[in-house]
Amino acid sequence: MSRARRRTVKALVALGSVLAFLSVFAIWVERQGLNTGDWVSTSGRLLENSTIRKALANYLVDQLYENVDVQKELKEILPGETKQFSGPLSGGLRQVAGDGAEKVLETSTAQGLWEKANRSTHEQLVEVLEEKGDTVSTENGEVKLNLGALLTNLADQVGVGGTLAEKLPPDAAQIRILRSDQLKTAQNITTAVKGLALVLSILTFLCFAGAIYLARDSRWVTVLSCGIGLVAAGFAAIVARHVAGGIVVGQLVTEDSIRPAANAAWSIGTSLMISIATTLIVVGVLFAIAGWLASPTGAARSVRRFFAPALRDWAPWVYAGLAIVVCLYFLSAPTQGLRSFLTTLIVAGMAAFGIHELRKQTAEEFPDVTYGDYFGRTRERVVGAVREANIPERAAKLRLPEVRRPAGPGAPETGKAPSSEPPTAEAPTVAMPADSEDARLARLERLGSLREKGILTDEEFAAEKARLLGGGDAAT
């Protein structure tokens, strides 16, 4: 590639990585802030946390005693001389309510009221942010989380209900989410973010696709770089979420007593961000594996050789398998909107293009390889290894008896009777065992097969043959 093309490829990979990092936050805001179902599910997990449940229980008890004069009510109810005990009884009743409130919030009834309140508030918030209704205006309205039903249920369950719960004002236990002067800004942010999630997701993979297309002969390096960029973007989003949590909780929470609950709420509320970042990391790992698979390393070449027959002979089944995987992923995705459909379609197209390029590469490298050849070579290696392992044992069985030279001219050999035949100066010739000849012939046949398949060149075949025959002559 030219220098300008290389710089363009690197710039597209870097830009795609940055866009992937930003898309994590955009998708989280879209799903967590504008999807009521996702928020209700998250709110249920909030109440399952013991720290948050304890803080909410204390808040509800405080709301009960702030909005109703419990001591006065008890004084009116108690008869005669017992009215003087209304103060201590009120304090004791508050202690009982505080101890039992957390257990009440663990019941299915309380959890249902909690989720119902969150659903109603979130639907109202979405209507306001998307300007679909006029339930709350930006001039004189506020968005509040109404926990009045939950407070009444708590009062009944801990034993301070009845007439006390009936005297709760309508605005008791209402948590303000947004003021009227904040709504217009929130609406502008919502308009920008709602379209941004789709744009960033598509641009991320389009940048990577453009970089891979321009890379040409070094595409495997570019694909590997894209995978590394996606993994880095996912981990960066996780780190940024942790840093942002400290800043947000520090700015919004001033009381140290509720700071642990606020930290737990941030952790649970942004858990979807972790899920999105993890998905990004998994996709990046798949990109990195695809880049390595097309690399010239020995291990990657062996893997390509193994899959070459399937890519050549079973191509329709390979593409059908890819289509099935894409359909299963899309059907199991938590959201099935336009963004999810388009991004899945783009990634599937890139995967199909990768399979096409891999088929071309394996066809050029291994045009005639079959699985029969692969398993045949494995069998030959096993047989050769077994034969080589048995050579020392066979040589020990075929070991010739030791021959001692005579002490002087014409003297008989030690330990043997004198021979009537005259001694000869030549040493006896030892014949090559038949098993060694068979092993050498098998190796020659294997060398010839490797040359026919193009694995060995003519020069390499001649050199190996000369070495093998030379070693055989030396053993004779």
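When you read off a place in the sequence shown, starting at 1, and then add 1, the result is the number in the working numbering. Ideal Cβ placement from N, Cα and C applies to all residues, glycine included.
- Counting along the chain, the unbroken alpha helix (DSSP H) around G235 starts and ends at R220 to L253.
- Secondary-structure assignment with DSSP links R177 through a beta bridge to K145.
- Within a 10 Å sphere around the beta-carbon of H357 sit fewer than 16 other beta-carbons, which makes this residue exposed.
- In its chain, beyond the 5 residues on either side, F462 have a beta carbon closer than 6 Å to the beta carbon of R452.
- With the rule of 3 Cβ pairs closer than 8 Å, the stretch 193 to 206 counts as touching the stretch 16 to 36.
- In the three-state scheme derived from DSSP, where H, G and I count as helix and E and B as strand, A111 is classed as helix.
- When C-beta atoms of the stretch 285 to 294 are compared with those of the stretch 212 to 232, three or more pairs fall below 8 Å, so the two segments count as touching.
- With fewer than 16 neighbouring CB atoms inside 10 Å of its own CB, V200 falls in the exposed class.
- Contact between the stretch 43 to 56 and the stretch 243 to 250 is absent, with fewer than three C-beta pairs closer than 8 Å.
- Where E67 is concerned, the enclosing alpha helix (DSSP H) starts and stops at S51 to N68.
- DSSP, read as helix, strand or coil, puts F354 in helix.
- Counting of Cβ neighbours within 10 angstroms places V370 among the buried residues, the total reaching 16 or more.
- Fully contained in the stretch 262 to 338 are the following alpha helix (DSSP H) runs of length 4 or more, in chain order: 272 to 294, 299 to 314 and 316 to 333.
- Cβ atoms of A364 and R313 come within 8 Å of each other, at about 6 Å.
- Counting C-beta pairs with one atom in each stretch, the stretch 314 to 325 and the stretch 257 to 277 have fewer than three that are closer than 8 Å, which means they do not touch.
- With respect to the 7 Å criterion, V194 and V30 are classified as neighbours on the basis of their beta carbons.
- With a threshold of 16 other beta carbon atoms within 10 Å, F342 falls short and is exposed.
- DSSP, reduced to helix, strand and coil, places N36 outside both helices and strands of the structure shown, so it counts as coil.
- Judged by DSSP secondary structure, R7 falls within the alpha helix (DSSP H) whose first and last residues are R4 to W29.
- Taking G270 as reference, the option from Q33, K11 and L23 with the minimal CA-CA separation is Q33.
- The shortest CA-to-CA distance from A212 to any of R6, S268 and R444 is the one to R6.
- Cβ contact annotation for L114 (same chain, cutoff 7 Å, sequence separation greater than five): A150, L151 and N154, in chain order.
- L273 places its beta carbon 7 Å or farther from that of A234.
- L470 is the residue among L470, L35, S219 and Y214 whose C-alpha sits nearest the C-alpha of R441.
- Classified as exposed, T298 has fewer than 16 neighbouring CB atoms from the shown chains inside 10 Å of its CB.
- The C-beta distance from V25 to A278 rounds to 5 Å, short enough to fall under 8 Å.
- Shown here, L457 sits in coil according to DSSP, grouped into three states, outside any helix or strand.
- A198 is positioned such that its CB atom lies no closer than 7 Å to that of L130.
- Minimum Cα-Cα distance from V286 among the listed residues A174, T122 and I229 corresponds to I229.
- With fewer than 16 other Cβ atoms from the protein chains shown falling within 10 Å of its own Cβ, V326 counts as exposed.
- Classified as buried, R54 has 16 or more neighbouring CB atoms from the shown chains inside 10 Å of its CB.
- A309 places its beta carbon less than 7 Å from that of F367.
- Taking 7 Å as the cut-off, the beta carbon of A238 is found closer than this to the beta carbon of F22.
- Listed in chain order, the non-local C-beta contacts of A56 below 6 Å within the same chain comprise I259 and A262, local neighbours out to five positions each way being set aside.
- DSSP, reduced to helix, strand and coil, places D439 within a helical segment of the structure shown.
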